[in-house]
Amino acid sequence: MKLALAQPGATPALTVGCWGLPEADTGSPAPGAQALAGAGGGGERPLLALAPIAQGGPAAPTPAFRLRLNFSAEEEFPDLAKHNNHMAKALTLDIYKKLRDKETPSGFTLDDIIQTGVDNPGHPFIMTVGCVAGDEESYVVFKDLFDPIIQDRHGGYKPTDKHKTDLNHENLKV
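Residues in the sequence shown are numbered from 1 upward in steps of one, following full-length UniProt numbering.
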């Protein structure tokens, strides 16, 4: 069943967490508690209330990346000139254009993948990865970015390469 935020005043199908409002020494709710709690009183309100879409709840929210696509790829492409990470080396404007409107089934986007590398430019002497895979599908959906990063980070390991398993302890080298 798909869930979306419940409309104000509607009975939620699922309530996550509660925000308890302190009561004054007199035992009455703090000012504004009734407004937050609604008609039910009690001085608490749900932090997140979800209503099932199938039962007439609101439509699922549009993914954030669809709301910002009115900017060109050139305008959104991050300036990585002073960054020292594998993502900054691999991400080109062409790759950004190709992948920027894709997402994994769980909603992970290119911007989610590169955010850590954009926020943390790195150190001149320490090469970091500069990206994160949000789920296993990230490696497939965003393979045009991940394959060169993995190859660069792991000494030429290509997508077609296979890891050789050797469980013979006598072959270990010190």
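Where a beta carbon is used, it is the ideal one built from N, C-alpha and C, also for glycine.
Of all the alpha helix (DSSP H) runs that stay within the bounds of the stretch 128-172, which reach a length of 4 or more residues? 138-141 and 143-153
Neighbour-count burial assignment, Ala-90, 16 or more Cβ in a 10 Å radius: Mapped onto the sequence shown, residue 90 falls at position 90. It counts as buried.
Enclosing alpha helix (DSSP H) for Asp-111 [first to last residue]: The count along the sequence shown starts at 1 and reaches residue 111 at position 111. From DSSP, the alpha helix (DSSP H) with Asp-111 extends over 110-119.
I'd like the list of long-range same chain contacts for Asp-112, defined as Cβ closer than 6 Å, with 5 residues on each side in sequence excluded. Counting from one through the sequence shown, the residue named residue 112 turns up at place 112. So the qualifying residues of the chain are Gly-134.
Tell me whether the beta-carbon of Lys-97 lies closer than 7 Å to the beta-carbon of Ala-73. Here residue 97 is taken as the residue at index 97 of the sequence shown, counted from 1. Here residue 73 is taken as the residue at index 73 of the sequence shown, counted from 1. In contact: Lys-97 and Ala-73 (Cβ atoms closer than 7 Å).
By Cβ distance, which residues of its chain are closer than 6 Å to Ser-138, with the 5 residues on each side in sequence left out? Against the sequence shown, residue 138 aligns to sequence position 138. Once the five neighbours on either side are set aside, the close Cβ partners of Ser-138 are Thr-104 and Phe-108.
Where do the ends of the alpha helix (DSSP H) carrying Leu-93 lie? Within the sequence shown, residue 93 is the residue found at index 93, counting from 1. First-last of the alpha helix (DSSP H) with Leu-93: 93-99.
Buried or exposed by the 16-neighbour rule on C-beta atoms within 10 Å, applied to Val-174: Here the question's residue 174 lines up with position 174 in the sequence shown. With fewer than 16 other Cβ atoms within 10 Å, it is exposed.
Alpha carbon to alpha carbon, how far is Asp-161 from Leu-172? Give it in angstroms, no decimals. Locating residue 172 in the sequence shown gives position 172, counting from the first residue. Locating residue 161 in the sequence shown gives position 161, counting from the first residue. Cα to Cα, Leu-172 sits roughly 21 Å from Asp-161.
At what residues does the alpha helix (DSSP H) containing His-86 begin and finish? Within the sequence shown, residue 86 is the residue found at index 86, counting from 1. Counting along the chain, His-86 sits inside the alpha helix (DSSP H) bounded by residues 86-90.
At the level of alpha carbons, what is the spacing between Leu-93 and Phe-146? To locate residue 93, count along the sequence shown from 1; it is residue 93. To locate residue 146, count along the sequence shown from 1; it is residue 146. Looking at the two C-alpha atoms, the distance is approximately 15 Å.
Using the C-alpha atoms, what's the distance from Met-127 back to Met-87? Taking the sequence shown and counting its residues from 1, one reaches residue 87 at position 87. Taking the sequence shown and counting its residues from 1, one reaches residue 127 at position 127. So the alpha carbons of these two residues sit roughly 10 Å apart.
Just reading off the alpha helix (DSSP H) that Ala-73 is part of, what are its end residues? Looking up residue 73 in the sequence shown gives position 73. Per DSSP, the continuous alpha helix (DSSP H) segment holding Ala-73 begins and ends at 73-76.
CA-CA distance, Pro-78 and Val-118? The count along the sequence shown starts at 1 and reaches residue 78 at position 78. The count along the sequence shown starts at 1 and reaches residue 118 at position 118. Going by the C-alpha atoms only, they are around 7 Å apart.
Please go through the same chain and pick out, in chain order, the residues whose beta-carbon is closer than 7 Å to the beta-carbon of Arg-153, but skip the five residues on each side of it. Position 153 of the sequence shown, counting from 1, holds the residue named residue 153. The residues are His-86 and Val-129.
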